[in-house]
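In full-length UniProt numbering, the protein residues as written are 1 to 166. To start, the structure itself, in structure tokens.
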Amino acid sequence: MLDARFGLDLGAVRLIEATGCTVLLVGLDFTVEAALTAAPFGYSRQQLVGGSLLRILHPDEQVAFVQTVQALVAAAAGLEDVSQSTLRATHRILLPAPAGVGGGVGGGGGGVAMRASAVDTAISMVQCPGQPPRLLFSSRYLLPDGSAAAAGAFRVYPARQAAVFM
Numbered sequence: 001m002l003d004a005r006f007g008l009d010l011g012a013v014r015l016i017e018a019t020g021c022t023v024l025l026v027g028l029d030f031t032v033e034a035a036l037t038a039a040p041f042g043y044s045r046q047q048l049v050g051g052s053l054l055r056i057l058h059p060d061e062q063v064a065f066v067q068t069v070q071a072l073v074a075a076a077a078g079l080e081d082v083s084q085s086t087l088r089a090t091h092r093i094l095l096p097a098p099a100g101v102g103g104g105v106g107g108g109g110g111g112v113a114m115r116a117s118a119v120d121t122a123i124s125m126v127q128c129p130g131q132p133p134r135l136l137f138s139s140r141y142l143l144p145d146g147s148a149a150a151a152g153a154f155r156v157y158p159a160r161q162a163a164v165f166m
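And the structure:
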């Protein structure tokens, strides 16, 4: 379970969930290694863990997202403490559409209707002693579901700068 692997007790997990963020631990190959929140973006942990994070990113923003993360990883390569490498990005993810809702955006779920939603994500490099570096994704919804999600949302910001969505 999550506690033993990452040294988090149930109280720490509940504290993370109380922030309203979806928190994912992702390998440098974009494989989701852990979901630290109960229902990340409306998916169960089992639906995400072991699969590619790219599966839930909007198809129009996948290339820019991958290039941005690769730049973060490259910038962190020369640092003694990789945890100082963080950036923020606004982007679209694909969410399972509510039951009975058809249409939507392709690319996310093998015949399942999907809808796009904009999120603000802090992407941080993390490395525990004796383990390879990983990416910590902490995301929260940027806009109410469906509003302006059809327009390109991808933006990158310094980690400590407020995001302004126009």
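For glycine and all other residues, C-beta sits at the position ideal for the given N, C-alpha and C.
Which of helix, strand or coil DSSP assigns to residue i
| i | result |
| --- | --- |
| PHE30 | coil |
| PRO133 | coil |
| THR19 | coil |
| LEU72 | helix |
| ALA39 | coil |
| LEU54 | helix |
| LEU48 | helix |
| ALA64 | helix |
| ARG14 | helix |
Nearest residue (CA-CA) to residue i, options the options
| i | options | result |
| --- | --- | --- |
| residue 189 | ALA75, GLN127, ILE123, PRO129 | Past the boundaries of the shown model lies residue 189; the chain is included only from 1 to 166, so the question cannot be answered. |
| ASP60 | LEU94, PRO132, PHE41 | LEU94 |
| LEU54 | GLY78, VAL32, THR22 | VAL32 |
| ARG115 | VAL73, PHE65, PRO96 | PRO96 |
| VAL73 | PRO132, THR37, ARG155, LEU142 | PRO132 |
| ALA118 | LEU136, LEU135, ARG155, ALA38 | ARG155 |
| GLY80 | LEU57, THR22, VAL126, ALA18 | The displayed chain sequence assigns Glu, not Gly, to residue 80. Cα-wise, what sits closest to GLU80 is VAL126. |
| CYS128 | PHE41, GLY27, CYS21, THR37 | GLY27 |
| LEU136 | GLN62, ARG14, LEU24, ALA113 | LEU24 |
Assumed close pair residue i, residue j - CB separation to whole angstroms, cut-off 8 Å
| i | j | result |
| --- | --- | --- |
| THR121 | ARG92 | With a Cβ gap of about 11 Å, THR121 and ARG92 do not count as contacting. |
| LEU142 | THR90 | 6 Å |
| PRO40 | THR19 | Incorrect: roughly 13 Å between the Cβ atoms, too far for contact. |
| PHE30 | SER52 | 5 Å |
Any C-beta of chain C under 9 Å from that of residue i
| i | result |
| --- | --- |
| GLY50 | Protein chain content of the structure displayed is limited to a single chain, and chain C is not contained in it. |
Stretch-stretch touch, CB-based, cutoff 8 Å, three pairs: the segment 44-51 with the segment 63-76
Segments in contact, no.
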